[in-house]
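Notes follow once the structure below has been shown.
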Amino acid sequence: MQADLSPVIAATAQWLTRAFPASGGALASALCEVQARQAVTVAAWLRYPTEMDGALLGMAGPGGSARLDRVTGADAAPGDDGDDAHAWRTWVDEVVASWSACLLTDPELAGRAVAALAEGSHSTGTPAEFRRLVAPDDGDLRAAALLRHPDLLAPVAGLHHSQLLDRLHPGRTLIA
Numbered sequence: 000m001q002a003d004l005s006p007v008i009a010a011t012a013q014w015l016t017r018a019f020p021a022s023g024g025a026l027a028s029a030l031c032e033v034q035a036r037q038a039v040t041v042a043a044w045l046r047y048p049t050e051m052d053g054a055l056l057g058m059a060g061p062g063g064s065a066r067l068d069r070v071t072g073a074d075a076a077p078g079d080d081g082d083d084a085h086a087w088r089t090w091v092d093e094v095v096a097s098w099s100a101c102l103l104t105d106p107e108l109a110g111r112a113v114a115a116l117a118e119g120s121h122s123t124g125t126p127a128e129f130r131r132l133v134a135p136d137d138g139d140l141r142a143a144a145l146l147r148h149p150d151l152l153a154p155v156a157g158l159h160h161s162q163l164l165d166r167l168h169p170g171r172t173l174i175a
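Residues in the sequence shown are numbered from 0 upward in steps of one, following numbering that gives the first Met the number 0.
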């Protein structure tokens, strides 16, 4: 895969961990970040499954965190550091953040999403490990209590939940 999604993955994971921080010290922060990054990676790979999709993202840009900040009430006002301190927020992808929120709050959906990656070009040739996303242990759950709380993530998850379901069930027939 030539298209580099790492700026979007890093920025979106950072947004999630800032909006829904870890409960505890440094270890909890690291565990929370790993879970956010795994969810964001799965969501980004589903959202941009081909090299062309990734290239178009690179040209058009992901859109930024402005709407997500408003939805969560975490409006990011530029501080004393100036606008450069918030430049990473322009790399946040709203759809990827929403899909990640869905995956973090629904283990069954996360399992289906990880299974769907086998069909894409991202995981070809590289074994990907998403255990902390699909089968978190008690330590993972404690560390990411806010990041995995369905009520807290509902405003973000609800933004694009139906699109994620459509992506995971592309051939389903609509019933009138």
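Even for Gly, the Cβ is constructed at its ideal location relative to N, Cα and C.
DSSP places residue 136 outside both helix and strand once states are collapsed to three, so it counts as coil.
A direct Cα-to-Cα measurement between residue 7 and residue 91 gives close to 6 Å. For residue 112, the enclosing alpha helix (DSSP H) begins and ends at 106-115.
If the five residues before and after residue 141 are omitted, its C-beta is found closer than 8 Å to the C-beta atoms of 22, 23, 27, all from its own chain and listed in chain order. Contact holds between the segment 152-164 and the segment 101-113, because three or more Cβ pairs, one in each stretch, are under 8 Å apart. The C-beta distance from residue 67 to residue 29 rounds to 23 Å, too long to meet the 8 Å contact threshold.
Taken atom to atom, the span from the alpha-carbon of residue 42 to that of residue 112 is near 8 Å.
By the neighbour-count definition (other C-beta atoms within 10 Å, threshold 16), residue 40 is a buried residue.
If you look at residue 87, you'll find it isn't in any alpha helix (DSSP H); DSSP assigns it neither H nor E. A straight line joining the alpha-carbon of residue 138 with that of residue 35 spans about 15 Å. Annotation for residue 143: 21, 30, 31, 34 place their beta carbon closer than 7 Å to its own, counting only its chain and skipping 5 residues before and after. Annotation for residue 69: the continuous alpha helix (DSSP H) segment containing it runs 65-71.
By the neighbour-count criterion, in which 16 or more other beta carbons inside 10 Å mark a residue as buried, residue 118 falls on the exposed side.
Closest by C-alpha distance to residue 64, out of 73, 56, 133, is 73. According to DSSP, residue pairing for residue 92 in a beta bridge involves 62.
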